[in-house]
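Notes follow once the structure below has been shown.
There are 2 protein chains.
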Amino acid sequence: MNNKEFVKEITNIEEDFAKWYTDIVVKADLADYTGAKGFIAIKPYGYSIWENIQQYADKKFKEQGIQNVYFPSLIPESLLNKEKEHVEGFAPEVAWVTQGGTEKLEEKLCIRPTSETIFCMQFEKDLNSWRDLPIKYNQWCNVIRWEKETRPFLRSREFLWQEGHTIHETKEEAESLTRRMLDIYGNVVEELLAVPVLKGKKTEKEKFAGAEDTYTVEILMHDGRALQAGTSHYFGQNFTKAFNIKFQNRDGKDEYPYQTSWGISTRLIGGVIMAHGDNRGLKLPPKLAPIQVVIIPIAAHKENVLEKSQNIYEELNKKYRTKLDLRDNYTTGYKFNDWELRGVPIRLEIGPRDIENNTCVLVRRDTLEKTIVELNNLEEKIEELLKNIQINMYNECAKRVKERTNIAHDLTEFEKNIEQNQGYIKTMWCGRTECEEKIKELTGAHSRCIPFEQENIGKTCVCCGEEAKHMVIWGRQY
Amino acid sequence: MNNKEFVKEITNIEEDFAKWYTDIVVKADLADYTGAKGFIAIKPYGYSIWENIQQYADKKFKEQGIQNVYFPSLIPESLLNKEKEHVEGFAPEVAWVTQGGTEKLEEKLCIRPTSETIFCMQFEKDLNSWRDLPIKYNQWCNVIRWEKETRPFLRSREFLWQEGHTIHETKEEAESLTRRMLDIYGNVVEELLAVPVLKGKKTEKEKFAGAEDTYTVEILMHDGRALQAGTSHYFGQNFTKAFNIKFQNRDGKDEYPYQTSWGISTRLIGGVIMAHGDNRGLKLPPKLAPIQVVIIPIAAHKENVLEKSQNIYEELNKKYRTKLDLRDNYTTGYKFNDWELRGVPIRLEIGPRDIENNTCVLVRRDTLEKTIVELNNLEEKIEELLKNIQINMYNECAKRVKERTNIAHDLTEFEKNIEQNQGYIKTMWCGRTECEEKIKELTGAHSRCIPFEQENIGKTCVCCGEEAKHMVIWGRQY
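Spelled out as structure tokens, the structure:
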């Protein structure tokens, strides 16, 4: 096939964003559909992205004294039922195991949709005194939620994530940990994924089933829809009371500890695709990219080309995640498109003329800009370019957030803005769920959060016109 | 509690090895039982051991060009049924999901007991030409097998493992990969876990459901029982034919590829406990230990002790996994016992007199030998000691294997030997399953493997007296 045909295979991003997205997932070989609805196979290229996220986040968790564990994946029904709001939130979307081997189970078990209940069971056994606190656990695992509408990475029936669960002596300590983990998520998304985040608190309606407060980092996609990228929950004593988890405090009295939980998932891979991608395919920020530099020999049959490419590969690969594309059954043009589709930040081209001049060509994926570089300066130049690409990709997203954020003072303005320029809508709000629901019905937008950074944009609720309590940011969502 | 009481809490290893084992699991805080039979909670100390195994093995896999992926955990019944021997082997021990959310499933799904079928489904979709081969995938994940008899780590209903799945153009390449992965497992167990392995091929009776050949690394426990530590399977074209996985070969003709799979699991943690432990508790080889050096300040209230301990901690922790035990609600004696129970390779004691002399005391967990060390030489001395402990622990196990290996030429000798000195029994064997079953019935020993290193110990089968085909090693098992 020729290059044009190859490029044509991806749906145009402006014409059908949803189809563009699934094209990228499959054609960039990140994941594939399987026979079972909502279950995807995460392939090596997609999984490497996840490994990079894991490594980055896990290191930050460990710096906070958080310890990894692995707890059972199956939860007895009676255990799930212990916290009322939690079971109401999750029971409708769990998968139930009713038979083990040849034996019909007396009590059915659900596959964890999240593990608050299992962790509570263990906390109850382990906790005795204030000296045991805080307990700060995390696990990297799979979870299952029987979603009706599914989409690879964004809403799969099975996904990978980490779930942190901690208990603390005081409310203040637990709240502070909740916020600190949110900051870490913000850092993962901004520093590693090169996507700016909106941070804030979820409304009553949008918070996690069983939580007192849910904090969120939200990101804005290419089409102006929002994605919840990570959440951190403060539970107060809701679960510890329901599970009768007690400790002897410093005064020798029994007390319930304060609890948190927090998670990020393979959904972030979907976020990266939709925040950065374009009509050529995926665009990966250098820090996250499984391959940072791809070397493509030009006229590889000519003298010295292969040897030189190999040398450069060996040098660069010591410092950067480098790939040398030696496939002999594809044209150079095909290879260019293929690696652009896969979003590799830098393409390095080297052919006979370059070798003569002791140079090579670097092409950056984000701007497609070409530079001729002296081989003597290559490492330095690549270092610099990777840094610039990371920053530029972040800035491009930040620019979009700015362009796609509008203020609305009443519902007419809200509707008009979100129709004309889908994105974040900033409004004042009275705090009542009634108004929140009305806005959703009318505009399709959910509240994203009550941002930590409140601004002075008015005094009355965008919906009912009564006295406002908070500034809220709204958006249609994935 | 005082020190003696503390030590008493562990069952004597010679009196009741099974109870000693579960004591260690729980009291060294590796894992805990949960409400659901056969499901354990792997706690931070146990999970760190697993993380060290993962890191070590994963690096070796990647050096072999093996790529990590994540495939669905639920397998439709029809898919599991595709390979006859495989389904017969696994169907009796899987957990079945029959309901998803509010919907009763049309086809029930099993939670993976292993994922050959799921990988085959993907191979069928992905494979076109010989140019796509080999495909070498691995996943780190949980699996569920509904075992009747369960024991933490050794035989849990849920466990963590890695499962590698590869397909190849030729039989030779697949067989060679099968053996190479076995060698890597041998290396993990010998180099990291400090346990010598017995390597060989499983008999027809003991091989994996659906495999042509199963290779194994076996290890011998303190009580002379054997543990299968890792297996690597060569499938030939059994699955690729059943799943209709084809590729166009170099001659342009359709052909079925040759397949392998291989796995190690959290069972290895059980192996480490039972291979190295003693009446004081766990004994961890330095390369594997989550904590390599524990520093215990003596008379911590005295001048300079805490400060000096902190300084040493900061220096050592740069190079070794170090812990400074500052708990003020436990006696020094309690701490000594506690860290011995947890198997930390080196204990460093430092008190006022040591500080005066610019020395400290090092106590090695394997021999309990004490050395006074100049603080100026500390790092060097610790480096050396950790190396020695690793080697000594390996040698101790190797000595046991030697002492507990006996040759038998007939069944009487077999029975006598295994009763008097439980361990490996080396015999000649005719190759018939009939004899293998008779031996098992009579002695409780399973064939461990047909060792790669065959010896000349006779000409006739230990059971029927007819002409022998192989030397086999037998043992009672976990």
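Chains as they are written, first to last, in my numbering: chain Y, 104 to 581; chain D, 104 to 581. Quick reminder that beta carbons are idealized off the backbone N, C-alpha and C, glycines included.
Next on the checklist: Determine, for W233/D, whether the minimum Cβ-Cβ distance to residues of chain Y falls below 8 Å.
Outcome noted: No, W233/D lies away from the interface with chain Y (no Cβ there is under 8 Å from its Cβ).
Next on the checklist: So the candidates are N440/D, W123/D, F222/D, M224/D; which of them puts its Cα closest to the Cα of P255/D?
Outcome noted: Put simply, of N440/D, W123/D, F222/D, M224/D the residue whose alpha carbon is nearest the alpha carbon of P255/D is W123/D.
Checklist entry - R467/Y: which of K426/Y, V396/Y, N559/Y, E186/Y sits nearest, CA to CA? => result For R467/Y, the nearest C-alpha among the options comes from V396/Y.
Item to check | Opposing strand residues paired with Q265/Y [DSSP bridges] | outcome: Under DSSP, Q265/Y shares a beta bridge with W243/Y, I367/Y.
Next on the checklist: For the structure I just gave you, are there three or more beta carbon pairs, one from the region 354-368 of chain D and one from the region 336-345 of chain D, closer than 8 Å?
Outcome noted: By the criterion of at least three beta-carbon pairs nearer than 8 Å, the region 354-368 of chain D is in contact with the region 336-345 of chain D.
Next on the checklist: Using only the alpha-carbon positions, how far apart do I169/D and K239/D sit?
Outcome noted: Distance between the alpha carbons of I169/D and K239/D: 5 Å.
Checklist entry - Is V200/D close to chain Y, meaning its C-beta is less than 8 Å from at least one C-beta of that chain? => result It does: the Cβ of V200/D has a partner Cβ on chain Y nearer than 8 Å.
Item to check | Coarse secondary structure for N520/D, derived from DSSP in three states | outcome: Secondary structure of N520/D (DSSP, three-state): helix.
Next on the checklist: For chain Y, check one thing: does any of its Cβ atoms lie closer than 8 Å to the Cβ of G366/D?
Outcome noted: No, because no Cβ of chain Y sits closer than 8 Å to the Cβ of G366/D.
Checklist entry - Buried or exposed: K562/D, going by 16 or more other Cβ atoms within 10 Å of its Cβ? => result By the neighbour-count definition (other C-beta atoms within 10 Å, threshold 16), K562/D is an exposed residue.
Checklist entry - Whole-angstrom Cβ separation of E297/D and P388/D, contact assumed at under 8 Å? => result First, the amino acid is wrong: residue 297/D is Ala here, not Glu. 4 Å between Cβ atoms; contact.
Item to check | Minimum length 4: unbroken alpha helix (DSSP H) runs contained in the region 319-385 of chain Y | outcome: Correct list: 341-345, 370-379.
Item to check | is_contact[M531/Y, chain D] using C-beta, thresh 8 Å | outcome: It does not; no Cβ of chain D falls within 8 Å.
Checklist entry - Going by C-alpha distance, which of L236/Y, A131/Y, F517/Y is nearest N352/Y? => result Among L236/Y, A131/Y, F517/Y, the Cα nearest to that of N352/Y is on L236/Y.
Checklist entry - Counting only beta-carbon atoms, is Q395/D nearer than 8 Å to chain Y? => result No, no contact with chain Y.
Checklist entry - Is the Cβ of P360/D closer than 8 Å to any Cβ of chain Y? => result So no, P360/D is outside the interface.
Checklist entry - DSSP state of A139/Y, grouped into three classes? => result In the structure shown, A139/Y sits in coil (DSSP, three-state: anything other than H, G, I, E or B).
Item to check | Boundaries (first-last residue) of the beta strand (DSSP E) holding P388/D | outcome: Segment: none, P388/D is in no beta strand (DSSP E) and carries neither H nor E.
Checklist entry - Which residue's Cα is closest to the Cα of T317/D: R283/D, N347/D, M324/D, R328/D? => result Closest option to T317/D, Cα to Cα, is R283/D.
Next on the checklist: If you reduce the DSSP assignment to three classes, tell me which class H404/D lands in.
Outcome noted: DSSP places H404/D in coil when its eight states are reduced to three.
Checklist entry - Using a C-beta to C-beta distance shorter than 7 Å, which residues of chain D count as neighbours of I145/Y? => result V172, Y173, listed in chain order.
Checklist entry - Alpha carbon to alpha carbon, how far is N106/Y from N290/D? => result Unreliable placement is indicated for N106/Y, whose pLDDT of 44 sits below 50; the coordinate value is still reported in the next sentence. Spanning the two alpha carbons is a distance of roughly 47 Å.
Item to check | chain Y contact residues for D135/D, given Cβ-Cβ distances below 9 Å | outcome: Under the 9 Å cutoff, chain Y gives Q225, K228, D229.
Checklist entry - Counting along the chain, where does the alpha helix (DSSP H) carrying L182/D start and finish? => result That run of the alpha helix (DSSP H) goes 180-183.
Checklist entry - What three-state label does DSSP hand K305/D in the structure shown? => result DSSP, reduced to helix, strand and coil, places K305/D outside both helices and strands of the structure shown, so it counts as coil.
Next on the checklist: Measuring alpha carbon to alpha carbon, tell me which residue in L371/D, L212/D, F174/D is nearest L257/D.
Outcome noted: Cα-wise, what sits closest to L257/D is L371/D.
Next on the checklist: For P554/D, report the span of its beta strand (DSSP E) as first-last.
Outcome noted: From DSSP, the beta strand (DSSP E) with P554/D extends over 549-554.
Item to check | Proximity below 8 Å, CB of I492/Y to CB of Y423/Y | outcome: Contact flag unset, no.
Next on the checklist: Can you check whether the C-beta of Y150/D is within less than 8 Å of a C-beta belonging to chain Y?
Outcome noted: Chain Y, which has a Cβ nearer than 8 Å to the Cβ of Y150/D, makes this yes.
Next on the checklist: So that I know if they touch, is there some Cβ in chain Y lying closer than 8 Å to that of K111/D?
Outcome noted: Because the pLDDT of K111/D is 48, which lies under 50, any placement of that residue in the model is unreliable, and the question is left without a value.
Checklist entry - Measuring CA to CA, which of Y497/D, M496/D, E516/D, N520/D is closest to R507/D? => result For R507/D, the nearest C-alpha among the options comes from N520/D.
Item to check | C-alpha gap between E189/D and G366/Y, whole angstroms | outcome: With the sequence shown as reference, residue 189/D is identified as His, and Glu is not the correct amino acid for it. One alpha carbon belongs to H189/D, the other to G366/Y, and they sit about 37 Å apart.
Next on the checklist: Once the 5 residues before and after N184/Y are set aside, which same chain residues still bring their CB inside 7 Å of it?
Outcome noted: By the criterion of a C-beta distance shorter than 7 Å, N184/Y is surrounded in its chain by V190, once the five residues flanking it on both sides are discounted.
Checklist entry - What is the rounded straight-line gap between the Cα of Q413/Y and the Cα of T125/Y? => result Here the alpha carbon of Q413/Y sits roughly 35 Å from the alpha carbon of T125/Y.
Item to check | Beta-bridge pairing of M531/Y - partner residues as DSSP gives them | outcome: Answer is M574/Y.
Item to check | the region 265-280 of chain Y / the region 227-234 of chain D touching (three or more Cβ pairs under 8 Å) | outcome: With a cut-off of 8 Å, the region 227-234 of chain D and the region 265-280 of chain Y do not count as touching, because too few Cβ pairs lie within range.
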